[in-house]
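Trainee: Per full-length UniProt numbering, residue 1 is the first one in the sequence shown, and the count goes up by one each step.
Quick one: the structure is below, questions incoming.
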Amino acid sequence: MEQNAGQISALKRKREFIKAACARIRTYAESVTLLTPETIANLEVRRARLSSYWSDYNNLQAEIESLCEDEGDDRVSFEEAFYELTAELRCAITNYNRTIAGGPAMISTSIAPPAGVSSSASNVRLPKLDLPNFTSKYEEWFPFYEMFNSVINDNHAISNLQKFQYLRASVTGEAANVIRSLELSEQNYLVAWNALKHRYDNKRAIVHTHLRALFELPSIAKENAFELRRVADSVVKHVQALSALQCPTEHWDEMLIYLISSKFDPITTKE
Numbered sequence: 001m002e003q004n005a006g007q008i009s010a011l012k013r014k015r016e017f018i019k020a021a022c023a024r025i026r027t028y029a030e031s032v033t034l035l036t037p038e039t040i041a042n043l044e045v046r047r048a049r050l051s052s053y054w055s056d057y058n059n060l061q062a063e064i065e066s067l068c069e070d071e072g073d074d075r076v077s078f079e080e081a082f083y084e085l086t087a088e089l090r091c092a093i094t095n096y097n098r099t100i101a102g103g104p105a106m107i108s109t110s111i112a113p114p115a116g117v118s119s120s121a122s123n124v125r126l127p128k129l130d131l132p133n134f135t136s137k138y139e140e141w142f143p144f145y146e147m148f149n150s151v152i153n154d155n156h157a158i159s160n161l162q163k164f165q166y167l168r169a170s171v172t173g174e175a176a177n178v179i180r181s182l183e184l185s186e187q188n189y190l191v192a193w194n195a196l197k198h199r200y201d202n203k204r205a206i207v208h209t210h211l212r213a214l215f216e217l218p219s220i221a222k223e224n225a226f227e228l229r230r231v232a233d234s235v236v237k238h239v240q241a242l243s244a245l246q247c248p249t250e251h252w253d254e255m256l257i258y259l260i261s262s263k264f265d266p267i268t269t270k271e
């Protein structure tokens with residue numbers, strides 16, 4: 001019992017960290033009084049982060065509920081707050097995009113350095129953005145690509161030189177090595193971006209990565225609700241990714257049932 005109490009306490013602390021992070025996103029959203037390309041970019045990134053926090057919360061809450069059945073109310077209140085905040089962010093972004101599409105609006109787009117500041121690569125002052133991150137894993141490429149395109153690449157208020165700086169700050173590992181030798185310049189931004197696309201925009205490699213993750217799911221040694229949910233969540237995540245890659249997942253039902261059941265403990269398998 002004491003061990004369970006300690007485990008529950010540790011999980012609740014992690015849960016509170018996630019709630020605090022979500023609260024900071026709400027605070028930022030409520031502080032925005034003027035929609036500019038920079039604030040919209042920040043809202044886009046925070047909306048993506050919010051989805052990530054939702055996944056983290058679900059995993060933690062499932063583990064907490066497997067140890068303490070009285071914790072279900074927390075999920076209800078968090079879900080309501082999450083959906084409300086997600087809707088607010090989406091409305092703000094959608095309204096801004098409609099304003100832009102409809103013609104000129106009273107929206108500030110200037111992010112140039114102050115007068116007298118050098119525009120050389122070493123002195124460019126970038127707007128502070130929470131950037132998407134790419135750690136060179138193939139399965140991360142498409143989410144990174146879509147987010148970076150939305151926040152940085154398609155933002156016409158940012159120069160190519162600034163985009164290159166953002167790109168360098170967003171990639172680590174092997175991906176960083178791919179563009180490390182390129183001089184930081186306006187012209188080299190597209191060279192760097194295309195080099196990363198050439199290396200990682202590899203559908204076959206990404207499909208193989210998700211398939212490998214499915215077939216290498218860890219087995220469940222004993223009946224455990226949290227472990228069952230974790231396996232189910234992993235399967236859903238990888239199958240959805242494969243479906244987005246246009247794999248015929250709608251015909252995989254029997255294979256997936258066999259694959260998942262092969263990971264179950266003997267008692268669950270009999271049931």
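Beta carbons: idealized from backbone N, C-alpha and C, even for Gly.
Who are the Cβ neighbours of leucine 60 in its own chain at under 6 Å, not counting the five residues just before and after it?
Mentor: Position 60 of the sequence shown, counted from the start, is the residue given in the question as residue 60. Counting only Cβ-Cβ distances below 6 Å, and skipping sequence neighbours, we find Leu11, Lys14, Arg15.
Trainee: Just the C-alpha distance for serine 181 and methionine 255, rounded to the nearest angstrom, thanks.
Mentor: Mapped onto the sequence shown, residue 181 falls at position 181. Mapped onto the sequence shown, residue 255 falls at position 255. Computed Cα separation, rounded: 45 Å.
Trainee: Report, in whole angstroms, the separation of the C-beta atoms of alanine 92 and leucine 161, which I expect to be a contact under 8 Å.
Mentor: Walking along the sequence shown from the start, residue 92 turns up at place 92. Walking along the sequence shown from the start, residue 161 turns up at place 161. At roughly 29 Å, the Cβ-Cβ gap does not stay under 8 Å, so alanine 92 and leucine 161 are not in contact.
Trainee: Identify every residue that forms a DSSP beta bridge with valine 171.
Mentor: As a working note, residue 171 is residue 171 in the sequence shown. DSSP lists Phe134 as partners of valine 171.
Trainee: Can you look up threonine 9 in the DSSP assignment and give me helix, strand or coil?
Mentor: Along the sequence shown, read from residue 1 onward, the residue named residue 9 stands at position 9. The question names threonine, but residue 9 in the sequence shown is serine. Reduced to three states, the DSSP call for serine 9 is helix.
Trainee: Using the Cα positions of residue 290 and histidine 210, report the straight-line distance between them to the nearest angstrom.
Mentor: Examination of residue 290 is not possible in this model, given that the chain is present from 1 through 271 alone.
Trainee: Take the Cβ of tyrosine 83 as the centre, count every other Cβ of all protein chains shown within 10 Å, and call the residue buried at 16 or more, exposed below.
Mentor: The residue you call residue 83 lines up with position 83 of the sequence shown. Label assigned to tyrosine 83: exposed.
Trainee: Helix, strand or coil for asparagine 95? Go by DSSP, reduced to three states.
Mentor: Along the sequence shown, read from residue 1 onward, the residue named residue 95 stands at position 95. Asparagine 95 falls in the helix class under three-state DSSP.
Trainee: How should phenylalanine 148 be labelled, buried or exposed, when 16 other C-beta atoms within 10 angstroms of its C-beta is the threshold for buried?
Mentor: For the purposes of this step, residue 148 is identified with residue 148 of the sequence shown, where counting begins at 1. Buried: at least 16 other Cβ atoms inside 10 Å.
Trainee: I'd like the ranges of any alpha helix (DSSP H) spanning at least 4 consecutive residues and lying wholly in the stretch 32-72.
Mentor: With a minimum length of 4 residues, the continuous alpha helix (DSSP H) runs that stay inside the stretch 32-72 are 37-67.
Trainee: Anyone know if the C-beta pair for phenylalanine 164 and leucine 184 falls short of 7 Å?
Mentor: Taking the sequence shown and counting its residues from 1, one reaches residue 164 at position 164. Taking the sequence shown and counting its residues from 1, one reaches residue 184 at position 184. Yes, the pair counts as a contact, with Cβ atoms nearer than the cut-off.
Trainee: When DSSP labels each residue in this structure, what does tryptophan 252 get in the three-state scheme?
Mentor: Walking along the sequence shown from the start, residue 252 turns up at place 252. Coil at tryptophan 252, not helix or strand.
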